[in-house]
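What follows is a single structure, written as structure tokens, with notes after it.
2 protein chains.
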Amino acid sequence: MPVSMTVDLVIFTIREQRLAVLLVRRGIPPYQGRWALPGGFVEDREDLEAAARRELAEETGVHAGSVHLEQLRTYGRPGRDPRGRVVTVAHLALAPDLPAPTAGSDAAHAAWIPVDEALGSKLAFDHHEILADGLERARSKLEYSPLGTAFCPATFTVNELRRVYEAVWGHEIDPRNFHRKVTRSTGFLVDTGERTNRDGGRPARLFRRGDVHLLHPPLLRGE
Amino acid sequence: MPVSMTVDLVIFTIREQRLAVLLVRRGIPPYQGRWALPGGFVEDREDLEAAARRELAEETGVHAGSVHLEQLRTYGRPGRDPRGRVVTVAHLALAPDLPAPTAGSDAAHAAWIPVDEALGSKLAFDHHEILADGLERARSKLEYSPLGTAFCPATFTVNELRRVYEAVWGHEIDPRNFHRKVTRSTGFLVDTGERTNRDGGRPARLFRRGDVHLLHPPLLRGE
DNA sequence: CTCTTTATCGTCAGTACGACGATAAGCGGT
DNA sequence: ACCGCTTATCGTCGTACTGACGATAAAGAG
Chain A
1 MPVSMTVDLV IFTIREQRLA VLLVRRGIPP YQGRWALPGG FVEDREDLEA
51 AARRELAEET GVHAGSVHLE QLRTYGRPGR DPRGRVVTVA HLALAPDLPA
101 PTAGSDAAHA AWIPVDEALG SKLAFDHHEI LADGLERARS KLEYSPLGTA
151 FCPATFTVNE LRRVYEAVWG HEIDPRNFHR KVTRSTGFLV DTGERTNRDG
201 GRPARLFRRG DVHLLHPPLL RGE
Chain B
224 MPVSMTVDLV IFTIREQRLA VLLVRRGIPP YQGRWALPGG FVEDREDLEA
274 AARRELAEET GVHAGSVHLE QLRTYGRPGR DPRGRVVTVA HLALAPDLPA
324 PTAGSDAAHA AWIPVDEALG SKLAFDHHEI LADGLERARS KLEYSPLGTA
374 FCPATFTVNE LRRVYEAVWG HEIDPRNFHR KVTRSTGFLV DTGERTNRDG
424 GRPARLFRRG DVHLLHPPLL RGE
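Chains as they are written, first to last, in the working numbering: chain A, 1 to 223; chain B, 224 to 446.
What follows is the structure, given as structure tokens:
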């Protein structure tokens, strides 16, 4: 009946136009040398989300609330950890491209891995299942919530936002239809009035995140 | 670090055209005499979903897989249980109107309570929050999944299904538009060929659940 | 200047929506 | 047999969104 509680983190970001997940290389058994999701034990008198945010800060160096964090699912199958009964509350985090891959603690053991690569390799514990669940959650969240902007810096262009969606959904999107949908969706984007041409061609408007929490209508992934 | 693990259940059904939740009256402190969600401790070497299904069977007498069950969310705020550190994995169950309110164990202490009543009263622990989360999950699930049929018997009419949606969403739906949407949605309903006039007027077709897991397009709750 | 790139706006046919009219097919009462 | 009453089922509007794709705008590169 008494169990050990951990939190595990599926932290996504976009690096080089690809969706990447933060993984750590395990230094000790079990699963020594295997890639695993970052995580750790919940401390005494610590809330679950607080524990997740602490681990997030330890691994990425991000302390602010600038990173979206939500509970994903809880995994407690007996035998999922050979050391004993360990129940883990998995969380999903969406972060903009962070300056240093791993700024906080010992950096060498952590890395951003493209998700398709991560899903193609053997991960520790049941982390393959957790990662797959996190990916599916992220994909569906982008449909009906404005969280695609969580991958972008404070101001961004429609082009940059579209590349986020393409990276997460794994297929190309028509730039003209995408532009129409996101700019018409009231509350999704706020025009800053500024422009940039860092993407190459004609200068593009710079937007900030809006204040809605639900998209009306949703941006459905076709195909 | 070692915590006690419980599962709690938000079990919804439709009784007399209203959405109702199964609650139990607590016989012992803490919160003695208060209504609470059914639940209990996870046993050694027991999976979380198995524990939820066991509690579900104990409270409702339903052993079959005829009841939809899914994990809702995990609640672990320190202090949520005055007895110590107790983390609960809440589950959501959707059941058709069951023959006896509580068939399994001691029956007198459990009852189906209309959700608006339950949300208006003081519940034990953080069960008010859990119930509210479960209600929101159920409402959104009905939009994009065919789980409204989980509240219906094996065969049912469009009218009966519509009353499920009305009970869960809390507002009336145009019968003609609803009829068009659910019958056109491929894979949602299967026509049995039989008819019934148990609803009063012209005999209605009897349908079975289809085999899709996602509705295309979704049934959005307007208003 | 022209070519290339990206940004932005429009057009078009197909599909879904909510509001609501119309008809069908049972029932009970007269 | 006929009349209301109820529910079932189908159809018809105008509006809104969709994906496919044409057209134009505005920058830099050569």
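In this text, a Cβ means the ideal position worked out from N, Cα and C, and glycines have one as well.
Quick caveat, the model's predicted, so the values are computed rather than measured.
#1: Could you have a look at Asp231(B) and say whether DSSP puts it in helix, strand or coil?
#2: Would you mind telling me which residues of chain A sit closer than 7 Å to Thr297(B), beta carbon to beta carbon, in chain order?
#3: Counting only the same chain and skipping the five closest in sequence on each side, list residues whose C-beta sits under 7 Å from that of Leu437(B).
#4: Measure the Cβ-Cβ separation of Arg241(B) and Leu346(B) and say whether it is below 8 Å.
#5: Taking a contact to mean a Cβ-Cβ separation below 8 Å, would you say Thr406(B) touches Val435(B) in this structure?
#6: If you reduce the DSSP assignment to three classes, tell me which class Ala95(A) lands in.
#7: May I ask you to list, following chain order, the residues of the stretch 253 to 278 of chain B that have a beta carbon less than 8 Å from some beta carbon of chain A?
#8: Three-state secondary structure (DSSP) at Arg431(B)?
#9: Give me whichever residues DSSP pairs with Ala111(A) in a beta bridge.
#10: For a contact defined as C-beta to C-beta under 8 Å, what are the partners of Pro146(A) on chain B?
#11: Compile a chain-ordered list of the residues in the stretch 2 to 23 of chain A whose CB is closer than 7 Å to at least one CB of chain B.
#12: Have a look at Arg195(A), Met5(A), Arg83(A), Val67(A) and flag the residue whose alpha-carbon is nearest the alpha-carbon of Tyr31(A).
#13: I'd like to confirm something about Tyr75(A): is its beta-carbon nearer than 7 Å to some heavy atom of the ligand GTP, or not?
#14: Give a yes or no on whether the minimum CB-CB distance between Arg300(B) and chain A is below 8 Å.
#15: Write down the C-beta distance between Val89(A) and Leu48(A) rounded to the nearest angstrom, noting that I regard them as a contact closer than 8 Å.
#16: Enumerate in chain order the residues of its own chain whose CB-to-CB distance from Leu384(B) is below 7 Å, with the five nearest sequence positions on each side excluded.
#17: In whole angstroms, give me the CA-to-CA distance for Arg73(A) and Thr297(B).
#18: Could you have a look at Asp356(B) and say whether DSSP puts it in helix, strand or coil?
#19: Starting from the N-terminal side, write out each stretch of the beta strand (DSSP E) that is 3 residues or longer and does not extend beyond the stretch 12 to 79 of chain A.
#20: Quick check on the DSSP output: the beta strand (DSSP E) that includes Leu189(A) runs from which residue to which?
#21: Using DSSP's beta-bridge definition, name the partner residues of Thr155(A).
#22: Output yes or no for whether 8 Å exceeds the beta carbon distance between Val309(B) and Val226(B).
#23: Determine the DSSP secondary structure at Ala313(B), reduced to helix, strand or coil.
#24: Report the residue from Asp304(B), Thr229(B), Val244(B) whose alpha carbon sits nearest the alpha carbon of Asp356(B).
#25: From Leu23(A) to Arg77(A), what does the alpha carbon distance come to, in whole angstroms?
#26: Determine the closest residue to Arg276(B) out of Arg249(B), Ile234(B), Arg303(B), with distance taken between C-alpha atoms.
#27: In angstroms with no decimal places, state the Cα-to-Cα distance between Ala361(B) and Leu315(B).
#28: Considering only C-alpha positions, which residue in the set Arg249(B), Gly250(B), Asp339(B), Ala273(B) is nearest to Val230(B)?
#29: Output the distance between the C-alpha atoms of Glu423(B) and His439(B), rounded to the nearest integer angstrom.
#30: Could you work out which residue in Pro218(A), His68(A), Ala111(A) is closest to Phe188(A) when comparing CA atoms only?
#31: List the residues that DSSP assigns as beta-bridge partners of Val226(B).
#32: Do you know whose CA, among Ala111(A), Thr155(A), His171(A), Glu117(A), lies nearest Asp191(A)'s CA?
#33: Assign Thr283(B) to buried or exposed, taking buried as 16 or more other Cβ atoms, counted over all protein chains shown, within 10 Å of its Cβ.
#34: Considering Cα atoms alone, identify which of Pro252(B), Ala318(B), Gly445(B) is closest to Ser363(B).
#35: Which residue marks the beginning of the alpha helix (DSSP H) containing Arg425(B), and which one marks its end?
In terms of the structure at hand:
#1: By one-based count along the second sequence, residue 231(B) stands at place 8. Note: Asp231(B) maps to strand in three-state DSSP.
#2: As a first step, residue 297(B) is located in the second sequence; it is residue number 74 there, counting from the start. The answer, in chain order, is Leu48, Gln71, Thr74, Val89.
#3: Residue numbering aside, residue 437(B) sits at position 214 when the second sequence is read from its first letter. Tyr367, Ser368.
#4: Residue mapping note: residue 241(B) aligns to position 18 of the second sequence, counting from 1. Residue mapping note: residue 346(B) aligns to position 123 of the second sequence, counting from 1. No; because the gap between Cβ atoms is not below 8 Å, this pair is not in contact.
#5: In the second sequence, counting from the first residue as 1, residue 406(B) sits at position 183. In the second sequence, counting from the first residue as 1, residue 435(B) sits at position 212. Against a cut-off of 8 Å, the Cβ pair of Val435(B) and Thr406(B) comes out as no contact.
#6: In the first sequence, residue 95(A) corresponds to position 95, counting from 1. DSSP places Ala95(A) in coil when its eight states are reduced to three.
#7: Phe264, Val265, Glu266, Asp267, Arg268, Glu269, Asp270, Leu271
#8: In the second sequence, counting from the first residue as 1, residue 431(B) sits at position 208. Three-state result, Arg431(B): strand.
#9: Looking up residue 111(A) in the first sequence gives position 111. Note: Ala111(A) sits in a beta bridge opposite Leu23(A).
#10: Here residue 146(A) refers to the residue found at position 146 when the first sequence is read from its first residue. Think of a sphere of 8 Å around the beta carbon of Pro146(A): no beta carbon from chain B falls inside it, the nearest being about 17 Å out.
#11: Pro2, Val3, Ser4, Met5
#12: On the first sequence, position 31 is the one that residue 31(A) refers to. Residue nearest to Tyr31(A) within the set Arg195(A), Met5(A), Arg83(A), Val67(A) is Arg83(A) (criterion: CA-CA distance).
#13: No copy of the ligand GTP appears in this structure; indeed no ligand is present at all.
#14: Here residue 300(B) refers to the residue found at position 77 of the second sequence. Arg300(B) counts as touching chain A.
#15: Working through the first sequence from its first residue, we reach residue 89(A) at position 89. Working through the first sequence from its first residue, we reach residue 48(A) at position 48. Between Leu48(A) and Val89(A) the Cβ distance is about 5 Å, and since that is below 8 Å, they are a contact.
#16: On the second sequence, residue 384(B) is found 161 positions in, with the first residue counted as 1. Closer than 7 Å at the Cβ level, and outside the excluded window around Leu384(B), lie Gly371, Thr372, Cys375, Val405.
#17: As a first step, residue 73(A) must be located in the first sequence, where it is residue number 73. As a first step, residue 297(B) must be located in the second sequence, where it is residue number 74. Approximately 8 Å between the Cα atoms of the pair.
#18: As a working mapping, residue 356(B) is identified with position 133 in the second sequence. The answer is helix: DSSP assigns Asp356(B) an H, G or I state.
#19: 18 to 25, 39 to 41, 68 to 75
#20: Here residue 189(A) refers to the residue found at position 189 when the first sequence is read from its first residue. Its beta strand (DSSP E) spans residues 189 to 196.
#21: For the purposes of this step, residue 155(A) is identified with residue 155 of the first sequence, where counting begins at 1. Its beta-bridge partners are Arg208(A).
#22: Indexing the second sequence from 1 puts residue 309(B) at position 86. Indexing the second sequence from 1 puts residue 226(B) at position 3. Yes; because the gap between Cβ atoms is below 8 Å, this pair is in contact.
#23: Taking the second sequence and counting its residues from 1, one reaches residue 313(B) at position 90. Three-state result, Ala313(B): strand.
#24: Here the question's residue 356(B) lines up with position 133 in the second sequence. That would be Val244(B), whose Cα lies nearest to the Cα of Asp356(B).
#25: By one-based count along the first sequence, residue 23(A) stands at place 23. By one-based count along the first sequence, residue 77(A) stands at place 77. Cα to Cα, the separation comes out at about 22 Å.
#26: Start at 1 with the first residue of the second sequence, and residue 276(B) comes out as number 53. Ranking the options by Cα distance to Arg276(B), first place goes to Ile234(B).
#27: Start at 1 with the first residue of the second sequence, and residue 361(B) comes out as number 138. Start at 1 with the first residue of the second sequence, and residue 315(B) comes out as number 92. Each residue's Cα considered, the two are about 8 Å apart.
#28: Residue numbering aside, residue 230(B) sits at position 7 when the second sequence is read from its first letter. Of the candidates Arg249(B), Gly250(B), Asp339(B), Ala273(B), the one whose C-alpha sits nearest the C-alpha of Val230(B) is Ala273(B).
#29: What you label residue 423(B) is simply residue 200 of the second sequence in a count that begins at 1. What you label residue 439(B) is simply residue 216 of the second sequence in a count that begins at 1. The residue asked about is misnamed: residue 423(B) is Gly in this sequence, not Glu. Each residue's alpha carbon lies about 31 Å from the other.
#30: Taking the first residue of the first sequence as position 1, residue 188(A) is located at position 188. Measuring from the Cα of Phe188(A), the nearest candidate turns out to be Pro218(A).
#31: Here residue 226(B) is taken as the residue at index 3 of the second sequence, counted from 1. Val3(A).
#32: Here residue 191(A) is taken as the residue at index 191 of the first sequence, counted from 1. The shortest Cα separation from Asp191(A) among Ala111(A), Thr155(A), His171(A), Glu117(A) belongs to Thr155(A).
#33: On the second sequence, position 60 is the one that residue 283(B) refers to. Label assigned to Thr283(B): buried.
#34: For this step, residue 363(B) is matched to residue 140 along the second sequence. The shortest Cα separation from Ser363(B) among Pro252(B), Ala318(B), Gly445(B) belongs to Gly445(B).
#35: Translated into positions along the second sequence, residue 425(B) becomes position 202. That residue, Arg425(B), is in no alpha helix (DSSP H); it is neither H nor E in DSSP.
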